[in-house]
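Undergrad:
Number of protein chains: 2
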Amino acid sequence: MLSTDMDFKKDASAGYLANHMARLFALALHDRIRPLGLAPAQFMTLLELWEDDGLTQKDLVQRLDVEQATMANTLKRMERDGLITRTENPEDRRAQLVRLTPKAKALQEDATSAATGVNEEALSALSPEERQAFVSLMSRVIGALQD
Amino acid sequence: MLSTDMDFKKDASAGYLANHMARLFALALHDRIRPLGLAPAQFMTLLELWEDDGLTQKDLVQRLDVEQATMANTLKRMERDGLITRTENPEDRRAQLVRLTPKAKALQEDATSAATGVNEEALSALSPEERQAFVSLMSRVIGALQD
DNA sequence: TAATATTGAATAGCCTGCTATGCAATGCTA
DNA sequence: TAGCATTGCATAGCAGGCTATTCAATATTA
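Same order as they appear, the protein sequences are chains A and B. Numbered by the working numbering, the letters in the first sequence go through residues 71 to 217 in order. Numbered by the working numbering, the letters in the second sequence go through residues 71 to 217 in order.
1. Can you list, in chain order, the stretches of the alpha helix (DSSP H) that have 4 or more residues and sit fully within the segment 75-152 of chain A?
2. Does the CB of Lys173(B) have a neighbour CB from chain A at under 8 Å?
3. Taking Gln112(B) as the reference, give the member of Ala88(B), Leu87(B), Glu149(B) and Gln138(B) with the closest Cα.
4. Counting only C-beta atoms, is Val131(B) closer than 8 Å to chain A at any point?
5. Please classify Glu161(A): does DSSP put it in a helix, a strand, or coil?
6. Does the beta carbon of Met141(B) sit closer than 8 Å to a beta carbon anywhere in chain A?
7. In whole angstroms, give me the CA-to-CA distance for Leu215(B) and Ser209(B).
8. Taking C-alpha atoms, which residue in Gly124(B), Met76(B) and Lys80(B) lies nearest to Asn159(B)?
9. Go through its chain and collect everything with a Cβ distance to Ala181(B)'s Cβ below 8 Å, but skip five positions before and after it.
10. Under a CB-based cut-off of 8 Å, is Thr186(B) close to chain A?
11. Can you round the beta-carbon distance between Lys173(A) and Gly187(A) to whole angstroms, since I take them to be within the 8 Å contact cut?
12. Can you find the residues in the same chain that come closer than 8 Å, C-beta to C-beta, to Ala165(B), ignoring five residues on each side of it along the sequence?
13. Between Ala185(B) and Leu99(B), which are expected to be in contact by the criterion C-beta below 8 Å, what is the C-beta distance as a whole number of angstroms?
14. Could you tell me which residues DSSP puts in a beta bridge with Gln48(B)?
15. Within 10 angstroms of its Cβ, does Ala139(B) collect 16 or more other Cβ (buried), or is it exposed?
16. Taking the CB atoms as reference points, tell me whether Ala92(B) and Ala88(A) lie closer together than 8 Å.
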């Protein structure tokens, strides 16, 4: 009996595994940062703003590689939740500067250690060399998919 | 200057990379199967039904590791799109048997080769040994996150 | 400089995750 | 067997992806 493309084994498929793994990561992160009043996409956005407060929506779109509409919705929820404010941009009246509230600044330590905890849990079964290799392989696959 | 958890580098974070990679996989798959009238979650569901037609919703939930409500919505869209029908289960009137339409059966070859193409594109920069290692590492990380 | 092109954001609409509820069918047990 | 617990699904509501569209502000250029 010939083997064809129709024999598709999801448990050996990189795409299937990537999706499953990402869902589990998101769930684990969600569990840990929910007590802080944060959702995963908000955390990712905060990572950039903790580093550089006062970015524009466009800056965030480029740094996080999501669509502009996705970021617009995330920022709307973050504004609703008191994590950011938007202030006028003196250089361009179309764009606004996204600024962290004191509440958002205060979350940095707890949120980053929650995320570090998720990574440690996920990688707990891997040796240091394997962890390094895993991150490197994912980066290369991301590169290949971005062409 | 002390290094703390507050120095969180997203490009070295397994969770961030997993999310980014999964989004790129999903986009690539979506592009390739859109002409077939399929969306990614529908394809995943079809993979199980091509293998075993006549599963229940509960079977699909267990095999694909998604929540029951998620699968209920996916099946609703698949029924709307003429990919499945639901027939009475003689053994349990609560559950129905999900059956493929001829249309869905006819998509198997094209859809699986589209997915195979995405995997090949994604892994194109990796050696055969690296591809093997990558799949194995993802499986182990999934296992660690499932506890 | 007036007309046109580009750019930054907002909005609408869809898919796919999730949690929380509720309901009907089935199973168990006192 | 009557009552309670469990199970299979549907639905509501939300987050966060996406595309497509629109609008106002800015930039370019004829």
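Glycine residues also receive a C-beta, built at the ideal position from the N, C-alpha and C atoms. Since we're looking at a predicted model, the values are computed, not measured.
TA: Taking the structure as given:
1. Entirely contained in the segment 75-152 of chain A, the alpha helix (DSSP H) runs reaching 4 residues are, in chain order, 84-103, 110-121, 127-134 and 138-150.
2. False, the Cβ-Cβ gap to chain A never drops below 8 Å.
3. For Gln112(B), the nearest C-alpha among the options comes from Glu149(B).
4. No, because no Cβ of chain A sits closer than 8 Å to the Cβ of Val131(B).
5. Reduced to three states, the DSSP call for Glu161(A) is coil.
6. Not closer than 8 Å to any Cβ of chain A, the Cβ of Met141(B) fails to qualify, so no.
7. Each residue's Cα considered, the two are about 10 Å apart.
8. Of the candidates Gly124(B), Met76(B) and Lys80(B), the one whose C-alpha sits nearest the C-alpha of Asn159(B) is Gly124(B).
9. Contacts found: Ile103, Leu106, Leu108, Phe113 and Leu116.
10. Interface residue, yes.
11. Contact doesn't hold; Cβ gap of about 22 Å is too wide.
12. Cβ contact annotation for Ala165(B) (same chain, cutoff 8 Å, sequence separation greater than five): Thr126, Gln127, Lys128 and Asn159, in chain order.
13. At roughly 6 Å, the Cβ-Cβ gap stays under 8 Å, so Ala185(B) and Leu99(B) are in contact.
14. Outside the displayed span of chain B (71 to 217) sits residue 48(B), for which this structure offers no information.
15. Burial state of Ala139(B) is exposed, judged by a 10 Å Cβ sphere holding fewer than 16 other Cβ atoms.
16. Annotated as proximal: Ala92(B) and Ala88(A), with beta-carbon spacing under 8 Å.
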